[in-house]
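To start, the structure itself, in structure tokens.
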Amino acid sequence: MSNERIHSLDSLRAAMMFLGIVFHAALIFLPIESETWQVHDPKSKNIIFDGISLWIHSFRMPVFFIISGFFAALLFYARTPSTMIKNRIKRIYLPFLACLFTILPLYKFMVFYANKSFELDGYSLIEAIEQVSLSILFPLRVEYFWFLNYLMIMSLMMFLFGIFLSKVNMRLNFLKRIFENLMRHNFISVFVFCLLSFLSLYSMGYSLARTDLYIIPNPSVFLYYFLFFIYGCLLYSSRKLLYVYTESYRVNLILGTVLYVCYITMTYFYKNELFYLEMFCYALIVWLYSFGIIGLFLKCFRKESAMNRYFSDSSYWVYIIHLPIILYITSLIGNYNLSAIAKFTIIVSSTFFISMLSYHYLVRSTFIGQFLNGKKYPFSGRLCSNLARFYHKIEKAKQ
40 MSNERIHSLD SLRAAMMFLG IVFHAALIFL PIESETWQVH DPKSKNIIFD GISLWIHSFR
100 MPVFFIISGF FAALLFYART PSTMIKNRIK RIYLPFLACL FTILPLYKFM VFYANKSFEL
160 DGYSLIEAIE QVSLSILFPL RVEYFWFLNY LMIMSLMMFL FGIFLSKVNM RLNFLKRIFE
220 NLMRHNFISV FVFCLLSFLS LYSMGYSLAR TDLYIIPNPS VFLYYFLFFI YGCLLYSSRK
280 LLYVYTESYR VNLILGTVLY VCYITMTYFY KNELFYLEMF CYALIVWLYS FGIIGLFLKC
340 FRKESAMNRY FSDSSYWVYI IHLPIILYIT SLIGNYNLSA IAKFTIIVSS TFFISMLSYH
400 YLVRSTFIGQ FLNGKKYPFS GRLCSNLARF YHKIEKAKQ
């Protein structure tokens, strides 16, 4: 596969990470408080954020796991299984452990702080500190780092399976042929994988995918996301057919949007009376959007770009740090009489700006950047000029 398509999928992975800012900020303003989300603005709520959060949730992590499976398979086949597992330990497991004992305690403290700021009109620092206990340093809940835990387990399973296949000298060419035949027929492929996702949702007992926040995975939730990871692995072995996504991405996105409107209508007006139809509709939405978004990025982000490379490198750090920043900004503006949309806009834009600023000046040229991305860049205090100079070098090299 050409390098330009690798850049497309790399940009897609980064986009799904950045969408975490929008998704988590939207949860603060839900009209009905979510059991799994711990901070809710008591003054500003809007039903539009229910639709936004459900929409993003339907495709963000499925697409992310597909891309993760693709790149894991790239390391597995293009290099060696041992190279793949070593890379996953360095890029996933070690950052996961580091986050558990650094960023996660900060996040939990900011949860206390934000909730106290709502109760006490801003005078909350001492009260939040009083709620801190040793349990904050030894978490059983991994919160928004759950996907790193899942990815490490999936990578380990892939590594062990590869060793097993090599020991018994088994090849799975028949599976590759079946998969490629499905790829050539868009709607058949959507329907087949929709059925598999429907079975996973049925085992969960919910009409939409759940998020597992604990360090020991929930089997039903794990299997749901493992399906997308396996799909990504198979996608790498059939990468010569990636063009099929660009041919049908428009119709997939349009159908996914129409079905999403139907799903929202059923959930709001029928209140689980059509539970299994809702579940099947959601499974269709997931795969239509996944295929459509992959095709969109393959079509529109084919060329190498310094800006895209920069944002791809920054996305890991931005995701790691974004939630404590979101909660801190929420605590600052929570008691102001602003609309939910105004607060949401302030939170998302401020979080993105602060996160990118911290990446450029505190991460990109330091040991943290080396730790997360495997590469440390020379420091430049001028962000825009540095990007422009880098882009000019790439364009000159192409000529």
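Mapping of the sequence shown onto the working numbering: position 31 corresponds to residue 70, and the numbering continues sequentially without gaps.
C-beta: ideal position from N, C-alpha, C; glycine also.
Could you give the distance in angstroms between the alpha-carbon of residue i and the alpha-carbon of residue j?
| i | j | result |
| --- | --- | --- |
| residue 222 | residue 280 | 7 Å |
| residue 303 | residue 90 | 8 Å |
| residue 379 | residue 371 | 14 Å |
| residue 249 | residue 97 | 10 Å |
| residue 182 | residue 292 | 30 Å |
| residue 407 | residue 133 | 12 Å |
| residue 143 | residue 286 | 42 Å |
| residue 395 | residue 353 | 7 Å |
| residue 102 | residue 270 | 10 Å |
| residue 365 | residue 389 | 8 Å |
| residue 323 | residue 346 | 33 Å |
| residue 439 | residue 156 | Since the displayed the chain opens at 40 and closes at 438, residue 439 lies outside it and no answer follows. |
| residue 199 | residue 84 | 48 Å |
| residue 70 | residue 368 | 20 Å |
| residue 138 | residue 104 | 20 Å |
| residue 283 | residue 147 | 44 Å |
| residue 411 | residue 212 | 35 Å |
| residue 252 | residue 385 | 27 Å |
| residue 343 | residue 309 | 47 Å |
| residue 257 | residue 190 | 14 Å |
| residue 82 | residue 387 | 18 Å |
| residue 356 | residue 64 | 17 Å |
| residue 88 | residue 244 | 24 Å |
| residue 399 | residue 140 | 23 Å |
Tell me which residues share the same chain as residue i and place their Cβ nearer than 7 Å to its Cβ, disregarding the 5 neighbours each side in the sequence.
| i | result |
| --- | --- |
| residue 218 | 273, 277 |
| residue 66 | 73, 76, 92 |
| residue 404 | 415, 416, 417, 418 |
| residue 62 | 92, 95, 96, 99 |
| residue 294 | 327 |
| residue 78 | 67, 150, 153, 154, 366, 369 |
| residue 231 | 221 |
| residue 59 | 358, 361 |
Applying the criterion that 16 or more other CB atoms from any shown protein chain within 10 Å of the CB defines a buried residue, is residue i buried or exposed?
| i | result |
| --- | --- |
| residue 216 | exposed |
| residue 130 | buried |
| residue 202 | exposed |
| residue 124 | buried |
| residue 375 | exposed |
| residue 331 | buried |
| residue 382 | buried |
| residue 373 | buried |
| residue 196 | exposed |
| residue 300 | exposed |
| residue 117 | exposed |
| residue 236 | buried |
| residue 264 | buried |
| residue 136 | exposed |
| residue 392 | exposed |
Return the first residue and the last residue of the alpha helix (DSSP H) that residue i is part of.
| i | result |
| --- | --- |
| residue 322 | 314-339 |
| residue 386 | 379-397 |
| residue 68 | No alpha helix (DSSP H) holds residue 68; DSSP gives it neither H nor E. |
| residue 127 | 120-127 |
| residue 403 | From DSSP, residue 403 is part of no alpha helix (DSSP H); its letter is neither H nor E. |
| residue 307 | 282-308 |
| residue 90 | 87-117 |
| residue 439 | One cannot answer for residue 439 here, as it falls past the ends of the chain, which runs 40 to 438. |
| residue 81 | Premise fails: residue 81 is in no alpha helix (DSSP H) and is neither H nor E. |
| residue 140 | It is not in any alpha helix (DSSP H) - residue 140 carries neither H nor E in the DSSP assignment. |
Cutting at 8 Å between CB atoms, please list the residues of its own chain near residue i, excluding the five before and the five after it.
| i | result |
| --- | --- |
| residue 145 | 363 |
| residue 336 | 47, 48, 50, 51, 54 |
| residue 254 | 178, 179, 180, 181, 188 |
| residue 401 | 407 |
| residue 316 | 305 |
| residue 313 | 305 |
Counting only the same chain and skipping the five closest in sequence on each side, list residues whose C-beta sits under 6 Å from that of residue i.
| i | result |
| --- | --- |
| residue 455 | Since the first and last residues shown for the chain are 40 and 438, residue 455 lies out of range. |
| residue 437 | Because the pLDDT at residue 437 is just 46, under 50, the model does not fix this residue reliably, and the value given afterwards should be weighed accordingly. Cβ within range, chain order: n/a, list empty. |
| residue 126 | 114 |
| residue 247 | 321 |
| residue 296 | none |
| residue 333 | 284 |
| residue 262 | 239 |
| residue 56 | 354, 358 |
| residue 120 | 198, 201 |
| residue 242 | 259 |
Nearer than 8 Å: is that true of the beta carbon of residue i relative to any heavy atom of the ligand SAH?
| i | result |
| --- | --- |
| residue 388 | This structure lacks the ligand SAH; in fact it carries no ligand of any kind. |
For a cutoff of 9 Å on Cβ pairs, would you count residue i as touching chain D?
| i | result |
| --- | --- |
| residue 195 | The structure shown contains no chain D; it holds only a single protein chain. |
Can you give, in chain order, each stretch of the alpha helix (DSSP H) that sits fully within the stretch 194-263 and has at least 4 residues?
For the stretch 194-263, whole alpha helix (DSSP H) runs of length 4 or above, ordered along the chain, are 212-222, 225-243.
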